[in-house]
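One structure is given below, encoded as structure tokens.
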Amino acid sequence: MVAAEYDVVVVGAGNAGMCAALAARAAGARVLVLEAAPFDERGGNSRYTAGAMRFVYNGVDDLLKLCDLSETELKTSEFGSYTSDQYYDDLGRLTDYRSHPDLAELLITKSQETLLWMRGQGVRFAPMYSRQAFKHEGKFRFWGGLALEAWGGGPGLIDGLYKAAEDRQIEIAYEAAGQTLIADDDGVHGVVAKLSGKTTSIRAKAVILACGGFESNAEMRTRYLGPGWDLAKVRGTRFNTGAGINMALEIGAMPYGNWSGCHAVGWDLNAPEFGDLAVGDNFQKHSYPFAIMVNADGVRFCDEGADFRNYTYAKYGRLILAQPHQFAWQIFDKKTVHLQRDEYRIRRVTKVTAATIEELADKMAEYAPVNKPRFLETIRRYNEAVREDVPYNPTALDGKGTAGIDPPKSNWAVKIDTPPFEAYATTCGVTFTFGGLKVDTSARVLDTAERPISGLYGAGELVGGLFYFNYPGGTGLVSGSVFGKIAGTSAGKASKR
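Everything in the sequence shown is counted per this note's numbering, starting at 36 for the first residue and increasing by one.
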């Protein structure tokens with residue numbers, strides 16, 4: 036039974052919300068978490084992820100603080116390092132240096148510290164062998180700044196956080212959607228929520244909004260991201276409809292960040308409209324750096340090997356959505372199939388296989404339109420352009436590209452000439468939106484005069500100003516954790532004052 040008053044109410048029960056709840060509880064606050072989803076769908080977008088965590092580590096000793104590594108793993112793996120300078124460089128480069136400097140500094144400098152704190156809460160981590168390491172010259176080599184994931188992926192992360200909340204007597208209400216904030220000239224004093232269909236006012240000394248962006252709201256996607264975005268699939272929860280953002284804007288919060296931008300990836304053409312927990316994130320198709328992509332006209336439209344997958348996948352969904360009929364094919368031949376991630380081997384996949392390129396084109400046309408003559412010409416010209424004087428290395432930006440075609444393929448260019456050939460149909464899958472609320476370094480939500488709104492805090496996807504145009508893979512969860520912890524600590528301490 037939900038009480039009438041708490042020290043802190045957290046709206047949203049994904050990674051950011053649960054980190055906020057745990058931090059507020061550690062500060063001595065009585066905490067209630069409102070989860071719009073029913074129990075079986077709890078956990079927000081975090082539950083649909085692979086659990087990748089991008090954080091600063093200066094070598095294997097830092098990883099050993101977070102997870103157990105066997106002697107065999109230590110001998111056969113090169114984990115490398117990921118310094119704060121590299122993190123700054125990646126975040127700046129991918130966001131066109133628009134990321135708010137104070138927020139970026141918190142994200143980066145607090146990343147390892149926050150994961151250590153999560154480990155202390157009972158969350159477990161493991162090396163990300165299946166998706167971030169290739170065996171090259173006898174060793175597994177990690178690439179792209181990512182080494183660890185939550186044990187059990189997104190579901191494992193959520194299970195760990197909920198177990199920690201249960202151990203600390205944090206109350207969680209399900210089918211409890213926040214609707215409006217209880218606010219006056221002195222700030223926020225609680226939230227009005229719909230609890231199992233009943234409108235309920237809950238008083239609180241502080242409210243933390245951590246209920247995601249507006250990616251699950253087709254109207255808001257079209258209004259802010261632009262025409263055609265109503266046609267995109269949603270990778271995760273159906274409950275991230277922008278409610279928290281709108282609640283805050285209604286009382287004068289400042290909209291901030293890249294409202295026309297989002298994290299969007301290649302997603303199976305026939306995936307459902309929203310995420311499916313039975314499949315998780317396996318509708319994604321992220322081995323395109325070792326393939327080529329063509330649209331319905333049979334032509335390539337991007338540099339598939341421009342960079343490591345971690346640095347391009349979040350923006351290529353937008354490119355796919357812009358193609359005729361909002362889809363694209365990924366084309367592999369036998370030489371690169373072994374580099375495909377696990378998601379290519381699920382049962383629910385839109386895939387065709389053929390012994391010749393001509394047969395492949397005919398089979399592709401049975402699922403989605405493709406201009407066969409232009410497709411065959413694209414393959415011919417691509418094969419002629421592949422450089423053979425540069426060695427192939429999937430663990431590095433190998434420079435094995437193409438010459439004389441546009442768009443080029445800058446790395447990992449391999450001729451498509453060895454059967455069997457495979458083609459995978461993809462569309463755009465939205466993960467989360469980049470626009471949201473402006474917060475300060477204590478995670479306090481600011482009003483349009485850039486003054487803190489007393490009693491209101493924000494964390495997770497609805498924090499604007501961190502990501503623009505693109506983002507480094509694995510940063511979203513760490514951002515949610517870092518700012519969730521900051522928001523919970525700030526709100527918990529304020530509530531006890």
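Yeah, the Cβ is synthetic: ideal placement off N, Cα and C, and Gly gets one too.
Contact belief for residue i with residue j at Cβ below 8 Å, rounded distance in angstroms
i: GLY434; j: ALA420; result: Contact flag wrong, Cβ pair sits at about 14 Å.
i: ALA62; j: GLY527; result: 3 Å
i: ILE237; j: ALA228; result: 6 Å
i: GLY471; j: LEU432; result: The Cβ separation is near 33 Å, so there is no contact.
i: VAL46; j: GLY279; result: 6 Å
i: LEU374; j: SER322; result: 6 Å
i: ALA331; j: ALA267; result: Actually they are not in contact, since the Cβ atoms of ALA331 and ALA267 sit about 17 Å apart, beyond 8 Å.
i: GLN358; j: PHE336; result: 6 Å
i: LEU101; j: PHE160; result: 5 Å
i: GLY296; j: TYR503; result: 6 Å
i: ASP42; j: ALA283; result: No, ASP42 and ALA283 are not in contact; Cβ-Cβ is about 20 Å, not under 8 Å.
i: PHE343; j: GLY179; result: 4 Å
i: PRO73; j: TYR209; result: 6 Å
i: GLY519; j: ALA139; result: Actually they are not in contact, since the Cβ atoms of GLY519 and ALA139 sit about 17 Å apart, beyond 8 Å.
i: LEU230; j: ARG89; result: Not quite, the Cβ-Cβ distance comes to about 36 Å (not below 8 Å), so this is no contact.
Rounded separation between residue i and residue j - CA only
i: LEU512; j: ALA478; result: 16 Å
i: ASN317; j: CYS463; result: 14 Å
i: THR483; j: SER146; result: 29 Å
i: LYS350; j: GLY301; result: 9 Å
i: ASP106; j: ASP120; result: The residue asked about is misnamed: residue 106 is Glu in this sequence, not Asp. GLU106 and ASP120: Cα-Cα distance of roughly 30 Å.
i: ASN50; j: ASP265; result: 26 Å
i: ALA241; j: GLY436; result: 54 Å
i: GLY315; j: ILE381; result: 11 Å
i: GLY509; j: LEU491; result: 27 Å
i: ALA306; j: VAL465; result: 12 Å
i: ILE243; j: LEU196; result: 17 Å
i: PHE114; j: TYR427; result: 20 Å
i: ALA341; j: ARG409; result: 23 Å
i: GLY292; j: LYS407; result: 42 Å
i: HIS135; j: LEU501; result: 6 Å
i: GLN445; j: ILE451; result: Note that residue 445 is Ser in the sequence shown here, rather than Gln. If I take the Cα positions, the gap works out to 16 Å.
i: ARG176; j: PRO162; result: 11 Å
i: THR234; j: ALA48; result: 19 Å
i: VAL607; j: GLU201; result: Lying outside 36 to 532, the shown extent of the chain, residue 607 is not represented and no answer is given.
i: GLU206; j: ARG532; result: 22 Å
i: ASN418; j: TRP447; result: 13 Å
i: THR391; j: CYS54; result: 52 Å
i: GLY222; j: SER489; result: 4 Å
i: LEU99; j: TYR92; result: 10 Å
i: GLU40; j: PRO190; result: 31 Å
i: ASP137; j: THR476; result: 7 Å
i: ASP397; j: THR461; result: 17 Å
i: GLY127; j: VAL37; result: 44 Å
i: ASP338; j: GLU393; result: 24 Å
i: SER514; j: LEU67; result: 22 Å
i: LEU142; j: GLY333; result: 42 Å
Residue i, enclosing beta strand (DSSP E) - first and last residue
i: ASP452; result: No beta strand (DSSP E) holds ASP452; DSSP gives it neither H nor E.
i: LEU512; result: Per DSSP, LEU512 belongs to no beta strand (DSSP E); it is in the alpha helix (DSSP H), 510-531.
i: MET289; result: From DSSP, MET289 is part of no beta strand (DSSP E); its letter is neither H nor E.
i: PRO162; result: 160-162
i: VAL329; result: 327-329
i: TRP302; result: 297-303
i: MET148; result: Here residue 148 turns out to be Glu, not Met, going by the sequence shown. First-last for GLU148: 146-156, but that is the alpha helix (DSSP H), not the beta strand (DSSP E).
i: ASP42; result: 40-46
i: ARG479; result: 479-481
Residue i - containing alpha helix (DSSP H), residue span
i: SER489; result: Counting along the chain, SER489 falls outside any alpha helix (DSSP H), though it belongs to the beta strand (DSSP E) covering 487-493.
i: SER236; result: Premise fails: SER236 lies in the beta strand (DSSP E), 233-244, not in any alpha helix (DSSP H).
i: GLU106; result: 106-111
i: LEU98; result: 95-99
i: LEU230; result: Element bounds for LEU230: not the alpha helix (DSSP H) but the beta strand (DSSP E), 222-230.
i: ASP424; result: That residue, ASP424, is in no alpha helix (DSSP H); it is neither H nor E in DSSP.
i: GLY127; result: 119-129
C-beta neighbour in chain B for residue i, strict 9 Å
i: PHE249; result: Among the chains in the structure shown there is no chain B, since it carries only a single protein chain.
Could you tell me whether the region 238-257 touches the region 266-277, where touching means 3 or more Cβ pairs closer than 8 Å? yes
For the region 332-414, list the alpha helix (DSSP H) runs that are entirely contained and at least 4 residues long, ordered along the chain. 348-356, 369-372 and 392-402
Complete alpha helix (DSSP H) runs within the region 48-84 (minimum length 4 residues, chain order): 50-61
Is the region 52-70 touching the region 518-527 in the sense that three or more CB pairs, one from each, lie closer than 8 Å? yes
Three or more C-beta pairs closer than 8 Å, one from the region 138-158 and one from the region 346-365: is that the case here? no
Give, in chain order, every unbroken run of the beta strand (DSSP E) that is at least 3 residues long and sits entirely within the region 164-212. 168-171, 174-177, 183-185 and 206-209
Would you call the region 176-191 and the region 128-144 in contact, with 3 or more CB pairs under 8 Å? no
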